[in-house]
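Down below is the structure, laid out as structure tokens.
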Amino acid sequence: MGPQHDSPECPVTQICSHVIKRKTDYWNKALVIDYLQSRLISCGIVANNAKASTVAFIAPGPSKLPRMHVLYVGVSYTGHGP
400 MGPQHDSPEC
410 PVTQICSHVI
420 KRKTDYWNKA
430 LVIDYLQSRL
440 ISCGIVANNA
450 KASTVAFIAP
460 GPSKLPRMHV
470 LYVGVSYTGH
480 GP
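Heads up: the sequence shown at position 64 corresponds to 463 in the working numbering, and the numbers run straight through without jumps.
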């Protein structure tokens with residue numbers, strides 16, 4: 400996957416016509432198996448840096464929703480992005 404025209408200054412959820420995009424490598428930083436929903440979750444935008452650490456896992460959600468499982472993600476601060 401990649402390189403793609405992208406920029407850390409443009410969030411994945413927005414169209415940024417004012418931002419210059421360059422060919423950017425895609426680093427798959429999170430790969431999680433959701434056994435309850437039979438899905439594979441892949442994400443290359445967390446941490447948006449090849450050297451930054453990323454941890455992701457699925458576990459029970461907040462105590463108010465004990466039957467719900469949620470995706471938890473922790474990343475190193477990179478200083479890149481809006």
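For glycine and all other residues, C-beta sits at the position ideal for the given N, C-alpha and C.
These numbers come from a predicted model, not from an experiment.
With distances taken between CA atoms, tyrosine 434 lies nearest to Leu470 out of Leu470, Tyr476, Gly478, Val474. Selection Pro461, Trp426, Gln413, Ser462 evaluated against lysine 450 yields Trp426 as nearest (Cα-Cα). Excluding the 5 residues flanking it on each side, isoleucine 432 has same chain C-beta neighbours closer than 7 Å at Leu439, in chain order.
Alanine 446 counts as buried, since no fewer than 16 other beta carbons sit within 10 angstroms of its beta carbon. A Cβ-Cβ contact shorter than 8 Å links histidine 468 with glycine 460.
With a cutoff of 8 Å on beta-carbon distance, valine 472 and alanine 455 are scored as near each other. Put simply, the backbone Cα of proline 407 is about 18 Å away from that of serine 441.
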